[in-house]
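The structure appears below as structure tokens.
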Amino acid sequence: NVDFSTGNAVVSPVTRKMKLSETQGNISDVNGNLLMSSNGIWIANSTGDTMMNGGGLNPNSFTQTWANTSVSSNILVFGNIFLPMPGDSSLYALIHMTGSYNSNPSNNPTDLYYTIVDVQLDSGRGAVTTKNQIVLHDTLSVGIAVCKHSNGRDCWITVLKDDAYSIITLLLTPNGVTAPNYQNFSNKISEQGTVAHPVFSPDGRKFACATGKPVGNGYDNNVNLFDFDRCTGLFSNHRRIHNIDSTFAIGCAFSSNSKYLYTCSTRHIFQTNTDSTILITDSVATYDGFVSVQPSNFFTMFLAADKKIYVTSIGSVVDHHVINYPDSVGLSCDVQQHSLHIPCLNFGSVPNHPNYFLGADTSTICDSLTIGLNAELRMQNEELKISPNPASSIITLNASRVKGHVASFSIFNSIGALIGKRTAQVYGGYVTQDVYVAELPSGMYIVRLETEREVYNGKFVKQ
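For what it's worth, the working numbering labels the leading residue of the sequence shown as 464, then goes sequentially.
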């Protein structure tokens, strides 16, 4: 166990039945007491034993192969994650993936699964009530990232399509997981066989993922950086960060203030100021050659509760690295190599934790879960007008002082699912569009107007 509550990592040995490799999901209660954990093969309860109905996760031959090895754990970085079920404090969702011998390459996931645990069952030890429900079938990159919806309750689940230009999002709500939404970009997001290590910034406004393309005897290492809209679940402002290092790259972690993005290859740790208009990446550490059973180089990263970033190695080691002041620029972030000693071997295993405490964003247009028909309608941008509002059959969208030549109007429901999209020309900074809404269910809807240069948002109520 590692306790971060004192401001420094306090390591204490605990013997548990579950073996953990790169796939490592766990969650604790508000007092820090472990509720459950999973290695992608089975779920352990708070006592460390197999949870009732907790065996048989990710049912395919890839999982079975690794279950029968000495590792006894799945080997996908960020391959599972536990989430409190929105609206029910007794339920938890495990979102998980596994490799597949039917994919190309043969270890990439082809399914994203959904499993539910009720912690009140089995005398408070918990039991699985729903297991291995497939919510997405596609060839995927390795890694799952999660960010709270701007309503402070629901959760955006994000994965990447492998060897493609797409980011895929699903939304966990009290009713389960929504259908996947594919957002496509003009530049490629993932290379074939990518281990993405996807991660959101603590404030939920940014998203990053790594990709390494084999070139010759090394890799062309890049990091994708996006802005993220917690309301709509959409990514924008795609930027590509090139790390000048031909060794394998994977690790990604944001500083606690969400300003600095840390990435790594096996030889270097890099820092990028993501608030800067021009992205400049600096090396803040070079592997010093230390051997801890195996070479103690750089691999996966994790922003812990003490606001420090912990870095594992690509080999089985007992000594790991710490970035003591990630919110500080350059070398003042203070990378201390092989400074954290643990009493067991670890191969790239870090917990996959979103910012569970990220609350509702009251500055957005969908910060509340419900809206009454007579409630005051607050506009985020005065240039976008929606009338009539409330509406019953047709709405007219008008925008003035618009910068750009072509405007796209997107309409989302209150949980961020895309309902429809229209495109219109901008003339003299003015654009208008009529939209038929008579067949929409009653409720609140979000309108997003996007041009080549700006984004405008508003909302309306359908009676």
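Positions of the beta carbon are idealized from the N, C-alpha and C atoms, including for glycine.
Contact test: residue i Cβ vs the ligand HEM heavy atom, cutoff 7 Å
i            : result
tyrosine 576 : With respect to small molecules bound, the structure shown includes none, and the ligand HEM cannot be examined in it.
Interface flag, residue i vs chain C, CB-CB below 8 Å
i             : result
aspartate 601 : This model lacks chain C altogether, as it is built from one protein chain only.
Beta-carbon contacts of residue i that lie in its chain and below 7 Å, excluding the five residues immediately before and after
i              : result
serine 491     : Leu497, Leu498
asparagine 700 : Phe689, Asp690
leucine 635    : Leu546, Pro549, Ala556, Asp617, Cys618, Ile620
asparagine 464 : Ser475, Val477
Minimum C-alpha distance to residue i - residue among the options
i                 : options                        : result
glycine 822       : Tyr576, Ser475, Gly615         : Gly615
alanine 862       : Ala854, Ser856, Ser871         : Ser871
asparagine 736    : Leu724, Phe541, Val774, Tyr919 : Leu724
isoleucine 538    : Gly883, Thr695, His660         : His660
serine 746        : Arg864, Ala642, Ser855, Asp797 : Asp797
asparagine 720    : Gln926, Ser664, Ser475         : Ser664
leucine 808       : Val780, Pro814, Val792         : Val780
histidine 957     : Val473, Asn471, His705, Asn489 : Here the chain has residues from 464 to 926 only, and residue 957 is not among them.
asparagine 650    : Asp626, Tyr919, Trp529, Val640 : Asp626
glycine 675       : Thr729, Asn647, Phe648, Thr740 : Thr729
serine 566        : Phe525, Val918, Val774, Gly470 : Phe525
glutamate 917     : Asn876, Gln896, Arg864         : Arg864
cysteine 440      : Asn687, Val598, Leu697         : Given a span of 464 to 926 for the chain in the structure shown, any question on residue 440 remains unanswerable.
aspartate 769     : Gly681, Asn494, Tyr577, Ser718 : Ser718
methionine 481    : Ser535, Tyr919, Val473, Asn471 : Ser535
phenylalanine 810 : Tyr819, Ile772, Met764         : Met764
isoleucine 777    : Ile786, Ala767, Tyr750         : Tyr750
valine 662        : Ile506, Asn787, Leu766         : Leu766
Status (buried if at least 16 other CB within 10 Å, exposed otherwise) for residue i
i                 : result
phenylalanine 762 : buried
threonine 478     : exposed
tyrosine 908      : buried
glycine 921       : buried
serine 826        : exposed
proline 637       : exposed
leucine 603       : buried
alanine 712       : buried
threonine 632     : buried
histidine 559     : buried
isoleucine 504    : buried
glycine 906       : exposed
Rounded separation between residue i and residue j - CA only
i              : j                 : result
alanine 608    : glutamine 888     : 36 Å
tyrosine 645   : serine 653        : 14 Å
tyrosine 893   : leucine 860       : 11 Å
isoleucine 707 : asparagine 684    : 7 Å
aspartate 790  : threonine 573     : 37 Å
glutamate 902  : threonine 657     : 42 Å
leucine 742    : phenylalanine 670 : 15 Å
glycine 589    : glutamine 583     : 6 Å
aspartate 601  : alanine 673       : 20 Å
serine 501     : valine 900        : 45 Å
Own chain, CB closer than 6 Å to residue i, minus 5 neighbours either side, in chain order
i             : result
lysine 722    : Asp738
aspartate 782 : Ser755, Ser759, His801, His804
cysteine 727  : Gly714, Phe761
threonine 744 : Ile704, Phe733, Thr735
Nearest-angstrom Cβ-Cβ length linking residue i and residue j, presumed shorter than 8 Å
i             : j              : result
serine 484    : asparagine 523 : Rounded, the Cβ-Cβ distance is 17 Å, inconsistent with contact.
valine 898    : isoleucine 857 : 7 Å
threonine 914 : lysine 866     : 6 Å
serine 553    : aspartate 581  : 6 Å
alanine 880   : lysine 925     : Contact flag wrong, Cβ pair sits at about 14 Å.
Chain-order list of residues whose beta-carbon lies under 8 Å from that of residue i (same chain, five-residue window excluded)
i              : result
threonine 886  : Val869, Ala870, Ser871, Phe872
aspartate 824  : Ser613, Gly615, Gly667, Arg693, Cys694, Asp830
glycine 752    : Pro758
valine 678     : Ser709
asparagine 852 : Leu840, Ile858, Phe923, Val924
leucine 794    : Val747
lysine 884     : Ser871, Phe872, Ser873, Ile874
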